[in-house]
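In my numbering, the protein residues as written are 17 to 501. Quick reminder that beta carbons are idealized off the backbone N, C-alpha and C, glycines included. A quick write-up on the structure given underneath.
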Amino acid sequence: MSRCQGGHAVGVKTYQAYTMAEALVAAKHDLGADAVILETRSFRRGGVLGVRRKTIFELTASSGDRADLSTARRPRRGTPAPGGAAIAAASLATREYARVAAPPAVREGGPSDRTRTRRLAQALAEAHDRRAREVEVAPPPSPVTLNATDRRHAPIHPSPVARRFILTPTTGEQAGAEVAVAVAEPPEAMQLELTAIKTMVSQVLQRQAVSRRGPGVDLPGSLFDMYLELIGQDLSEEITDRIMSAVRAEVADDTLDKDAVREVVLGHLADLVPVADPTIPRRSPDARPLTIALIGPTGVGKTTTLAKLAASFKLRHQRSVGLVTCDTYRIAAVDQLRTYAAIIGLPLEVALTPGEMNRAAERLRDCDVVLIDTAGRGPNDTARLGELQQVLAAADPHEVHLVLSSTASERVLLRQAEAFAEVGADRIVLTKLDEAVSFGVLVNVMQAVGKELSFITTGQEVPDHIEEGRSRRLAELVLGAELHG
């Protein structure tokens, strides 16, 4: 009994498999040795974002009945006949089918064709059952059974017939019943393939690393593992090469254990990050309050960082603190800072112009520390950057801290540092380390910018999630230390 999807040519079926041989065998079992190959093609399917896509071979065949064959090959009125390439492909597929379908010489005492077919169907069914237990597979569409009357009056469409990713061998005992078997790749094979890919990538990376260090220089296992760890944290290849060369020169071959290598690498990483003096004087050398301004692009956490600093100076260091905000572009920022000031009992001044900044500084002259919050500026907004520079000139701060978000890319961070250097930034605050994807980028930026690291923030809590900038702390984060460990 012939089966096909409703609305398609009777006696014409399409088979899809991972190899053309599997598709040909399926056609032979389903349609018999007299079947005619109408079309073959291959395409790629599946995978995630283009990874692990599989090549699928598709074969369209007719049962060999002349009526079915003539209707299947008759083009619809107005539809061009297939070109020479299609005919050649069909001819090649027909010859290949004949090779597979032709019954081999049966050796005396060997199994019959029917027995081999039954064994193949059983093996495929068992493979399908194993795969179904491991991966949930959507049920295949239910086939439509047509009786003899339906076969004579079934509509004929030259469009592609229903595609079923199944093998449908039939036996005499099953009398036309189809056994749907998915062609599945064993999990063991997938695991072996993944292992081979990992090994290949590792070898390629090692060859590249060795080639950059010149002939005759290699990386022992512990050094190569450390190299991969640094590169995985997005530390630049130039810095990683320098560190690995220094470690190779300093550590003897007989002491190249993981802990020794890690300690030497930590030291070299820490040397790359300059840090500011954490001492907080009671008064500045010019007898004014220690005046600290926070500048930076929008959305990096300047206002929250200022609140953390204010609480830390007052509660931990027992300093009297005054606040000044220039960020009147965001009403919420002023309200937020006013709430912080009220909670911890700090005076707050609002200054929009250089003149107002002078008056605010005069009113806060008795404080030990004055913290200035500024509005965010884009690195390409030269007009607003000029306004910021005028306000800072009136405030005359002792320290100008550029606040940068650890979530930004290295390219963005370098561009922001370049733009705000024109305003007078002399220190760096790194915020949102709890949201950072990798920490090697931060070392790259600190090394390129050459400014001192003053503070880092590691969360939203005030004043707990702020720390003085320490080079070893950042180096440990690069090597996988816990942020809140």
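**OP:** Over the uninterrupted beta strand (DSSP E) stretch that includes Tyr31, give me the two end residues.
**Re:** Note, Tyr31: beta strand (DSSP E), Val28 to Ala33.
Original post:
So what's His417 in DSSP terms, helix, strand or just coil?
Top reply: Reduced to three states, the DSSP call for His417 is strand.
Original post:
How would you write the range of the beta strand (DSSP E) that Asp397 sits in, first residue to last?
Top reply: Element bounds for Asp397: n/a, residue is neither H nor E.
**OP:** Identify every run of the beta strand (DSSP E) within the region 307-371, keeping only runs that are complete inside it and at least 3 residues long; order them along the chain.
**Re:** Annotation: the region 307-371 contains the following complete segments of the beta strand (DSSP E) (minimum length 3 residues), in chain order: 337-341 and 364-366.
Original post:
Excluding the five sequence neighbours on either side, which residues of its own chain have a C-beta within less than 8 Å of the C-beta of Leu499, listed in chain order?
Top reply: Closer than 8 Å at Cβ, skipping near neighbours: Leu449, Asp450, Thr474 and Leu493.
Subject >> Spatial neighbours of Leu272 in its chain, beta-carbon cut-off 7 Å, leaving aside the 5 residues before and after >> reply: So the list reads Pro236, Ser238 and Leu239, once near-sequence residues are dropped.
**OP:** Could you tell me whether the Cβ atoms of Pro370 and Ala410 are closer together than 9 Å?
**Re:** Yes. Within cutoff.
Subject >> Proximity to Met462 [Cα-Cα], best of Leu430, Thr30 and Glu372 >> reply: The option with the nearest alpha carbon to Met462 is Leu430.
Subject >> Selection from Ser336, Arg298 and Asp343 that minimises the alpha carbon distance to Gly315 >> reply: It is Asp343.
Original post:
From Asp384 to Gln249, what distance separates their C-alpha atoms?
Top reply: Asp384 and Gln249: Cα-Cα distance of roughly 40 Å.
Original post:
What do you reckon, are the CB atoms on Ile360 and Lys330 nearer than 9 Å?
Top reply: Their beta carbons are under 9 Å apart, which means Ile360 touches Lys330 by this criterion.
Subject >> Best match in Val263, Ala276, Glu415 and Leu210 for proximity to His284 [C-alpha to C-alpha] >> reply: The candidate whose alpha carbon is nearest that of His284 is Val263.
**OP:** For Ser421, count neighbouring C-beta atoms within 10 Å of its own C-beta (all shown protein chains included) and say buried if the count is 16 or more, exposed if not.
**Re:** Result: buried.
**OP:** Give the straight-line distance between the Cα atoms of Ala467 and Arg61, rounded to the nearest whole angstrom.
**Re:** It is Lys, not Ala, that sits at residue 467 in the sequence shown. Using only the alpha carbons, I get a separation of about 51 Å.
**OP:** State the beta-bridge partners of Ile444 as determined by DSSP.
**Re:** Bridge partners of Ile444 according to DSSP: Leu418 and Leu469.
Original post:
Beta-carbon separation of Asp389 and Thr319 under 9 Å?
Top reply: Yes. Within cutoff.
Original post:
Sorted by chain position, which residues of the same chain lie with C-beta nearer than 8 Å to Arg69's C-beta, five sequence neighbours on each side aside?
Top reply: Only residues of its own chain outside the window of five on either side were considered, and among them Arg60, Arg61, Gly62 and Gly63 have a CB closer than 8 Å to the CB of Arg69, listed in chain order.
Original post:
Whose C-beta lies closer than 6 Å to the C-beta of Gly338 among residues of the same chain, with five residues either side of it excluded?
Top reply: Within the same chain, Gly338 has close Cβ partners Pro363, Leu380, Cys383 and Val386.
**OP:** Go through its chain and collect everything with a Cβ distance to Gln190's Cβ below 7 Å, but skip five positions before and after it.
**Re:** Annotation note: pLDDT 43 at Gln190 (below 50); position unreliable, coordinate value reported separately. Closer than 7 Å at the Cβ level, and outside the excluded window around Gln190, lies no residue.
**OP:** Note down, in chain order, each residue of its chain lying with its Cβ closer than 6 Å to the Cβ of Tyr31, except the 5 sequence neighbours on either side.
**Re:** For Tyr31, where only same-chain residues beyond five positions count, the Cβ hits under 6 Å are Ala39, Ala42, Ala43 and Leu75.
**OP:** Using alpha carbons as the reference points, say which of Val439, Asp442, Ser454 and Thr295 lies closest to Ala424.
**Re:** Put simply, of Val439, Asp442, Ser454 and Thr295 the residue whose alpha carbon is nearest the alpha carbon of Ala424 is Ser454.
Subject >> Assigned secondary structure, Leu455 (DSSP; H/G/I helix, E/B strand, else coil) >> reply: Sequence check: residue 455 is Phe here, not Leu. It is coil, neither helix nor strand.
**OP:** Thinking Arg443 and Ser487 are a contact (beta carbons under 8 Å), I'd like their distance in whole angstroms, please.
**Re:** Between Ser487 and Arg443 the Cβ distance is about 14 Å, and since that is not below 8 Å, they are no contact.
Subject >> Same chain only: Cβ atoms within 6 Å of Ala349, ignoring 5 sequence neighbours per side >> reply: Result list for Ala349: Thr319 and Asp343, in chain order.
Original post:
In the structure shown, what three-state DSSP assignment does Arg264 receive?
Top reply: DSSP, reduced to helix, strand and coil, places Arg264 within a helical segment of the structure shown.
Original post:
What residue does the alpha helix (DSSP H) around Leu235 start on, and which one ends it?
Top reply: Careful: Leu235 lies outside any alpha helix (DSSP H) and carries neither H nor E.
Original post:
How many angstroms separate the CA atom of Asp293 from the CA atom of Val428?
Top reply: Here the alpha carbons of Val428 and Asp293 stand approximately 27 Å from one another.
Original post:
Which of the three DSSP states, helix, strand or coil, is assigned to Thr256?
Top reply: Judged by DSSP in its simplified three-state form, Thr256 adopts helix.
Original post:
What is the DSSP secondary structure of Val385, reduced to helix, strand or coil?
Top reply: Correct three-state label for Val385: strand.
**OP:** Inspect the beta-carbon positions of Val419 and Ile311 and report whether they are closer than 9 Å.
**Re:** Their beta carbons are under 9 Å apart, which means Val419 touches Ile311 by this criterion.
**OP:** For Gly440, collect the residues of the same chain with a Cβ closer than 8 Å to its Cβ; drop the 5 residues on either side in sequence, then sort them by chain order.
**Re:** Once the five neighbours on either side are set aside, the close Cβ partners of Gly440 are Gln405, Leu408 and Val416.
Subject >> Residues near Gln352 by beta carbon distance below 7 Å, same chain, minus five either side >> reply: Counting only Cβ-Cβ distances below 7 Å, and skipping sequence neighbours, we find Thr319.
Original post:
Of the choices Phe436, Leu54, Arg489 and Leu401, whose alpha-carbon is the least far from that of Asp287?
Top reply: For Asp287, the closest C-alpha among the options Phe436, Leu54, Arg489 and Leu401 is that of Arg489.
**OP:** Within the same chain, show all residues whose beta-carbon is closer than 6 Å to that of Val465, passing over the 5 residues directly before and after it, in chain order.
**Re:** Same-chain partners within the cutoff: Ala433.
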